[in-house]
Structure formats: structure tokens, C-alpha cells
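Q: In the UniProt record's numbering, the protein residues as written are 1 to 712.
A virtual CB, placed ideally from N, CA and C, is assigned to each residue, including glycine.
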């Protein structure tokens, strides 16, 4: 019995002690206080106040509830030990309750109390376990909810930040941002939309975009595009004009996206970029590329583009087409006499008069300078001739520029499709050639292209093509024509005359190819070749001990001041002394008021070059050409010399030129002398020198040494 009781008491105590390793410090504190209190209560119960046994049982129960199994085991053990010790000494309530066998009462009490306390402790432990499990579950759920709330707060903060960023982006964006419902009603707009449209937000919010800004009746296609956008699955892009509050039209490129609510499209967000300025710039660039900046007419590029279209249309419809090439007669004189500003104003007025003369379907272009082209579709030869006459009549009336009245005449050439060809470039060339035939015949008229003119065109094309390679192919040659003194018939100089050995056209003089060379920009290259060849040849003759005489070279077609450095370089390269090079300058160059020309002449004069006024007396600028200092000689034009025998007035003019040369201390040379009468007359009137077929023909370089040796 005692052993069973001992096991019953000790095993729970051992088990409680084993589990106490997981009990926290707070429970150990309560355990100590409970045990101490229980010892005091039990001692008082069994020694002094047996009536307190009930209180000790309550204390034992409280210890079990507070500490658990360990407390109940220790309490039951203490109660059992103290009860046995007290009963053994004859103390305690059990002596009174069971005087015959108090130990049995103690044992029964111990079993009862221990069992009750153990049951209470175990039940309470289970409750604590369930409570702890519930608390753990609550803590877990609480932590989860806290994490979810924190994540939700973070997401909400991110959404708020994103919303603020989007709102700020929309408000500060350079693009137009609109919110529209399905009917086009304005739900929201940003400041850029206000700026571009000119409307304040309060003025336009809630209004129909397609009534206020893009009226349906004016731009019906825009409304159709918008409706199509609502039925498509992806954002839709398009460009359309809008009308601002001030009534101006601006062009916007849109990108539209749908707005969905509950999987249903409820409206659109539209982003727009104002491209009006870009369009204007593109049009300006296009205009610069396709139109003449001065007159506003089509330029050469647009002439080719639209002219080809008109020609293709004429081919398809088997209709005739005409090309009229217009050139203003002596327009250079206007620029020379009145300046380029006046010349430009004349060109603008001429362009306007041409516009007023042609049909709406005709194409007008300004090629360059004073050259214009008109292409007439759906016409015939008679229609082209009628328009040519009308153009002459329209352009001829005087043009008032300030206090000046300028009158022009025109030369026109006409080519026809398909008669004269089916290529636009060829038709323009043929019209140009027909126009030049008018220039050669006296100007102020028009002419159709003919076979004879075509022959000249073919020659011109051959010349133009051959010029580009003539120097490289060594086809140029210099001939030299001696100039003699009328005092002693001695050779006082040579004039270098350019000749071209054309492979098909034979030997050509400068008159047949130099104007073309100037036109295609080869004159400076040819001039440089002539200068270098003549200087080299003269240096060779002088090295051979022949008579030293200057060689004259004609200069024309470009500014002499720009050529001065090349002249200096060639003289240094050929070692020819400057006094043996003579530049023959035509009157048009010398009459130019450009200060750069005067500076160039001074440089050449200071270097020691001789300078002659060539072809004196054959242009309006004769006297003006003599204003330049540094000249050495006057050269009377051959046309005046050849008229000496038949025109008394010409004799008077030539005599006056000779006297003028004497007074200006210039030597006077007459060119083109072909008869003895001309020689005698010039000698009698004290002309210093002559040049012409009467005395010497132009000779190749290999024939000159023999003549110079005779002079020695």
C-alpha cells in the first residue's frame, strides 16, 4: 500500500520535474511562492490550527491551477509528507477523525487529494495547451493580417505615387491629353490642351469635342476615324486638323486608347502632338526645294518632276504638248546699269505677267537668271504660237521700278511633242536652241525648232560634250598672230588665239565654243591653260635667243581679281618676265564698277604686265572702260576697221578714237586690217599699230621662230 502510494506520488513529481525544463522563470517564481505558502499553511494546519486543512486544500488547488502538474505534484507530496509526520506525532485532524487508524485516513486523503489535484492540473494543462494553441493561431493570423495590411498600405502608397506621377506627367506633358466618353464628350483635359486649343478648362469641359474643336460638318472624316477607333481592338493613330478658339487651324497627330470599366469600353484617352510648326517647316523646305525663291515659280527640279507627268499624260492621251523657252533680251544690261535689286524686281514682275498669260493647267518655271520655261499640255502649234505672241505683248509694256521705266523684249523658242521628240530634256534643249536662233537673228521674236536649228543643236551638244575632255585629250592649240608697228613694220607683239581640233567638227575658233564653255563653267580652266601655254611658249622662244615680244591673251568671262594669284603663280613657274605678258580685257570687264576689279588691275600693273582695251568701240561701255588707270593700249574693233572704206561716219569715229588714245597717252592698235586702203588710212591718221590678214595670218607656234629671226 505504501509502495503504491509512493509511486503514485513520486511518478507525477518526476514527470513534472522532467517537464519543468520547459517552464519559464515566471512559473518557477510562482512555484516557490506556492510551495512556501503551502508549507506554512500545512504546518499551521497540523500543528496549531487543524481547522485550516480546507484552506490548505484550496491553496493546493490554486498551486495546481497556477503552476500546473509540477505544482500539484509538489503540493500533494508535501501534504502527504506533512500529514504522515503530523499524524505520527499525534497531531493534526486525522487523530481526531480516525483515532483507531489515523494512517488509513491519511492515505485515503492523500490518494483523494493527489488524484483530484492531478485531474485538475491535467485538465488545466489541457486548457492551457488549447489556449496556447489558440493564441499561437491568433498570433499567426494576426501577423498574417499585419503583413497583408502593410502590403496593402505599400501597394496603396505605390498606387498613390503612381497616380500622382501620372497626374503630374499629364499636367506637365507637352502633349495634349484628353479624356472623352464614347460620344466624344470632354471629361478631362490637361494644360497643354488648353494652350493649343486656346480654350480654358472651364469653357470646354463637358462639351462635345467634335462640335467645339473638330466640327463634324467641316471634318466628317475625323468623326468616322474616331468611331472606327472605338470598334478596334488596339490603340488607333491618325492625324487631323483642329480649330482653335481664335479660328486658326492646327494639325495634331493622335494616339487613342480605350478606357475599360467592368470589361466594357466607357471612353477614350487621347494623346496628341501638335505638328503644325513641323508641317509648316516641311512645306517651307519643300517650297525651297521645288520653287524659285524670288519669283515663286517652279524651279528646275519641279519642272522636271511635273513636266514628266504632263508629258506622260500627253503620251497616254495622244495629245500634243508644247515647250516654250523664254529669255529676256539684254537683261544683263539692267543688272549692270541699275543693280541686281532692280533686276530682281523686274524678274518678279515678268513672272507675274507670265502667270497672267497662261492657263491654269500650264506649268511655268524659272530655270536661272532671266530664263523661263512654259509647258503647255493639250495644245498644238497654233496654240503655242498664239501664247508666244501673247507673252511678248504682256512682257513688252514698260515696267515701273521707282522712278525708272524699264522696257524689255523677249526671245522665245518653241518645241513640240511628239514632233520634236518624246523626252522632256530634249524638248527643253530644242526650245532653248530655237530661242538662241532668235538671239542670233536679232531678238524680240519667237521661233519653232526646225531641222536646221536641230543641226546647230547637235553641234552644240557635241561641243558641250567634247569641251569637258578637250584639255585632257590635248585638242586645244594656240595660234599666234603678229602685230606690227606702222612706223617701221617691225613686230611689236603677238596675240595668242585659241583653236580647237574637234575630232568631228574640225578646227573651231573661240566664237563657236567659248560661249558654251562660259555657260557650263569651264572658262576659267580653259583660260588657265591658255595663259600657261602662252607664257611657257614665250619663255622657250626667249631662251632660244629670239626677239623678245609680249604675247597678248584675251581675258573674259570671270572676275580678273579672282585670277590674279594664278597669273602670279604661272609667271613664277614659267620664269617669264611680266612685261612680256599682255592681258587684253574687253570693255564689259573694264566698265564694271567693282572695286575688286580696280584693285586687281593695280596689282597687275604694279607687277609690270601690259594691259589693252580689246574690241574698243563696239559696246555701250566704251568710254567707261577708259576710267581704269594702268592701261597701255587701245585696240580698235575689227568691225569699225572693215567699214572704213564704205562709211564716212565710221572714219570719223575711228579718227576720234585714235585722237582719244593719243590724248590718254595710250598706244592705238587697229585689228582686222585686210586691205591696203585700211592700212594707208590708219597710217595717215597716226594709228600706231595694226593686226590683220593683210600683214600676217594667225600662225601655229612652230612658224613663229622664223618670223622673229627675220626681225633680228
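Within 10 Å of its beta-carbon, does residue 119 have 16 or more other beta-carbons around it, so buried, or fewer, so exposed?
A: By the 10 Å Cβ count, residue 119 comes out exposed.
Q: Compute the Euclidean distance between the alpha carbons of residue 338 and residue 345, then round it to the nearest angstrom.
A: Distance between the alpha carbons of residue 338 and residue 345: 11 Å.
Q: CB-CB under 6 Å to residue 477, same chain, minus the five flanking residues each way: which ones, in chain order?
A: Cβ within range, chain order: 499.
Q: Once you ignore the five residues that flank residue 610 on each side, which residues in its own chain have a CB closer than 6 Å to its CB?
A: Correct list, in chain order: 550, 582 and 632.
Q: Distance check for residue 322 and residue 572, CA to CA, integer angstroms please.
A: Roughly 55 Å between the two C-alpha positions.
Q: Assuming contact is defined by CB atoms lying nearer than 8 Å, are residue 522 and residue 459 in contact in what I supplied?
A: Their beta carbons are not under 8 Å apart, which means residue 522 does not touch residue 459 by this criterion.
Q: Check for me: the beta strand (DSSP E) holding residue 280 runs from which residue to which?
A: Not the beta strand (DSSP E): residue 280 falls in the alpha helix (DSSP H), residues 276-290.
Q: Please state whether DSSP places residue 447 in a helix, a strand or coil.
A: Strand at residue 447.
Q: Kindly indicate which three-state DSSP category residue 700 falls into: helix, strand or coil?
A: If DSSP states are grouped into helix, strand and coil, residue 700 belongs with the strands.
Q: Tell me where the alpha helix (DSSP H) around residue 533 begins and ends.
A: Run containing residue 533: 523-543, per the alpha helix (DSSP H) assignment.
Q: What residues match up with residue 327 in a beta bridge as DSSP calls it?
A: The partner list for residue 327 (beta bridge, DSSP) reads 371 and 411.
Q: Quick test of the definition: if touching needs 3 or more C-beta pairs under 8 Å, does the stretch 478-487 touch the stretch 694-712?
A: Counting Cβ pairs under 8 Å, three or more are found: they touch.
Q: Roughly how many angstroms lie between the CA atoms of residue 185 and residue 201, to the nearest whole one?
A: Their Cα atoms are separated by approximately 13 Å.
Q: With DSSP as the reference, identify every bridge partner of residue 480, one or two as the case may be.
A: Looking at the DSSP assignment, residue 480 forms a beta bridge with 496 and 699.
Q: Quick check on residue 504: does DSSP put it in helix, strand or coil?
A: Coil at residue 504, not helix or strand.
Q: Evaluate residue 652 with the Cβ neighbour count: other Cβ atoms within 10 Å of its Cβ, from every protein chain shown; 16 or more gives buried, anything less gives exposed.
A: Classification of residue 652: exposed, given that the 10 Å Cβ count is below 16.
Q: Looking at C-alpha atoms only, which residue of 637, 210 and 171 is the closest neighbour of residue 194?
A: That would be 171, whose Cα lies nearest to the Cα of residue 194.
Q: Can you list, in chain order, the residues of its chain whose CB lies under 6 Å from that of residue 292, leaving out five sequence neighbours each side?
A: If we look at residue 292 and ignore the five residues flanking it on each side, its Cβ neighbours are 299 and 366.
Q: Looking at C-alpha atoms only, which residue of 468, 203, 178 and 676 is the closest neighbour of residue 520?
A: The option with the nearest alpha carbon to residue 520 is 468.
Q: Classify residue 691 as helix, strand or coil using the three-state DSSP reduction.
A: In the structure shown, residue 691 sits in a strand (DSSP, three-state: E or B).
Q: On the three-state DSSP scale, how would you describe residue 315?
A: In this structure, residue 315 counts as helix in the three-state DSSP scheme.
Q: At what residues does the alpha helix (DSSP H) containing residue 348 begin and finish?
A: Element bounds for residue 348: 340-357.
Q: Can the beta-carbon of residue 576 be found closer than 8 Å to that of residue 539?
A: Yes. Within cutoff.
Q: From residue 398 to residue 412, what distance separates their C-alpha atoms?
A: Their Cα atoms are separated by approximately 19 Å.
Q: Within 10 angstroms of its Cβ, does residue 688 collect 16 or more other Cβ (buried), or is it exposed?
A: Result: buried.
Q: Provide the residue span of the alpha helix (DSSP H) that contains residue 195, from first to last.
A: Taken as a continuous stretch (DSSP letters only), the alpha helix (DSSP H) holding residue 195 covers 191-197.
Q: Which residues in the same chain as residue 547 place their Cβ atom closer than 6 Å to its Cβ, once the five residues preceding and following it in sequence are excluded?
A: Answer for residue 547: 708, 711 and 712, listed in chain order.
Q: Given this structure, state the Cα-to-Cα distance separating residue 489 from residue 483, to the nearest angstrom.
A: Their Cα atoms are separated by approximately 9 Å.
Q: Please work out which residues of its chain come closer than 7 Å, Cβ to Cβ, to residue 390, disregarding the five sequence neighbours upstream and downstream, and give them in chain order.
A: Correct list, in chain order: 357.
Q: DSSP puts residue 611 in a beta bridge; with which residues?
A: In DSSP, residue 611 forms a bridge with 583.
Q: On the DSSP letters alone, give me the boundaries of the beta strand (DSSP E) that residue 176 sits inside.
A: 176-181 is the span of the beta strand (DSSP E), which, as asked, contains residue 176.
Q: Any idea which residues DSSP pairs residue 241 with across the strands?
A: DSSP output for residue 241 lists 251 as bridge partner(s).
Q: Would you tell me roughly how many angstroms separate the C-alpha atoms of residue 682 and residue 554, rounded to the nearest one?
A: Going by the C-alpha atoms only, they are around 23 Å apart.
Q: At what residues does the alpha helix (DSSP H) containing residue 549 begin and finish?
A: Careful: residue 549 lies outside any alpha helix (DSSP H) and carries neither H nor E.
Q: Rounded to a whole number of angstroms, what is the C-alpha to C-alpha distance between residue 621 and residue 509?
A: Note that residue 621 scores 46 on pLDDT, short of 50, meaning its location in the model is unreliable; the coordinates nonetheless yield the value given after this. Rounded to whole angstroms, residue 621 to residue 509 spans 26 Å at the Cα level.
Q: Got a sec, what are the start and stop residues for the beta strand (DSSP E) residue 400 sits in?
A: Segment 399-401, the beta strand (DSSP E) holding residue 400.
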